[in-house]
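Throughout the sequence shown, residue numbering follows this note's numbering, covering -14 to 248 in sequence.
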Amino acid sequence: MNLASRVAASAPDAPLLELKTIAHRFGGFQVLHDVSFAVPAVGITGLMGPNGSGKTTLFNIISGFLMPMSGAVLFDGRNIRAESVRRRSLDGLVRTFQTPKVFERLTVAENVMVGAFKAGRSGFFAGLAGLPAARREMTEMRARAYETAQRFDLGAVFDRPSPLLTAGQRRLLELARAYQGRPRLLMLDEPSSGLTTTEIEVLITKLKLLAEEGIAILLVSHDMELMGVAQAIHVLNFGRIIASGTMAEVQEDAAVREAYLGV
Ligand SMILES: Nc1ncnc2c1ncn2[C@@H]1O[C@H](COP(=O)(O)OP(=O)(O)OP(=O)(O)O)[C@@H](O)[C@H]1O
């Protein structure tokens, strides 16, 4: 079944992630007001909004870096509002950052393998220490990491030190590492920032590939071309959702046009 039919077939009343009346304040400044929307278990969902509208704050709340003052964050129907980042990540809720987080002292191979470490028994660092059972596991992990690296066009640079990668490769490496951890929901914060047009085109094909494999994606971006991959988009302005719909629908929305263009 392709992505479009899976999106159509997914139960609309069973989202993977659901935000219910999320509100947050920094001191006296109300940054989020009763934000509610759902992210289905399949497909790509977009979150956009002008600078300072609260996107990063909301992202931090969903991924566990910040606890909202009120509201619920339901993941698979369970309120994870107070759960740690690590617990969420073990449950399959994984995020990336605006600047790719790459382990600079490790090679591409090792960076990808770190993503699988939570799924392994002995652990990545025991493997590096050379314990026999861990070494066997490391060999298997390395083989799996190589498959993943190839999938993200990093096969040819598999043993290269990560500081030698281009910006586009660093972004792909971050995605490869996240993919290796078998996420259910992948949250991407401005993944096209700092990339060339060609690198963005590659990124788009990889996001479609991840979605086709059944990984739900929540994408925050200013990049309209990139946002075009999302089946549904929610627009945040001054901490409130002002519109939701397809890209064509939100582009036509009067409140969105006013927020972005002042028209
Ligand atoms: N820790 C903080 N303390 C006080 N104010 C904050 C804090 N973090 C963010 N803000 C304010 O909250 C508002 C929303 O910020 P946030 O970073 O969530 O917006 P954003 O939509 O991600 O913006 P951008 O697109 O510029 O990254 C801004 O006015 C910001 O200055």
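Positions of the beta carbon are idealized from the N, C-alpha and C atoms, including for glycine. Please read all numbers here as calculations on a predicted model, not as lab measurements.
- In this structure, the C-beta of glycine 100 stays at least 7 angstroms away from each heavy atom of ligand 1.
- Annotated as distal: isoleucine 29 and valine 205, with beta-carbon spacing of 8 angstroms or more.
- Taking 8 angstroms as the cut-off, the beta carbon of alanine 134 is found closer than this to the beta carbon of valine 93.
- Ligand 1 has no heavy atom closer than 7 angstroms to the beta-carbon of glycine 140.
- A distance below 6 angstroms between beta-carbons, with the five flanking residues on each side excluded, links leucine 173 to the following residues of its chain, in chain order: Thr81 and Leu204.
- About 7 angstroms separates the beta carbons of leucine 43 and isoleucine 7, which is inside the 8 angstroms limit, making them a contact pair.
- Annotated as distal: glycine 179 and alanine 217, with beta-carbon spacing of 8 angstroms or more.
- Here leucine 157 is actually not in contact with valine 79; their C-beta atoms are around 16 angstroms apart, not less than 8 angstroms.
- DSSP places serine 74 inside the alpha helix (DSSP H), whose first and last residues are 70 to 75.
- With a cutoff of 7 angstroms, asparagine 36 counts as near ligand 1, since its C-beta is closer than that to a heavy atom of the ligand.
- If you draw a straight line from the Cα of alanine 141 to the Cα of alanine 239, it is about 48 angstroms long.
- Within its own chain, the residues whose Cβ lies closer than 7 angstroms to the Cβ of lysine 40, once the five positions on either side in sequence are excluded, are Leu32, Gly34, Val205 and Leu221, listed in chain order.
- A Cβ-Cβ distance of about 6 angstroms is found for the pair valine 58 and leucine 4, placing them in contact under the 8 angstroms criterion.
- Assigned with DSSP and collapsed to three states, leucine 139 falls in coil, not helix or strand.
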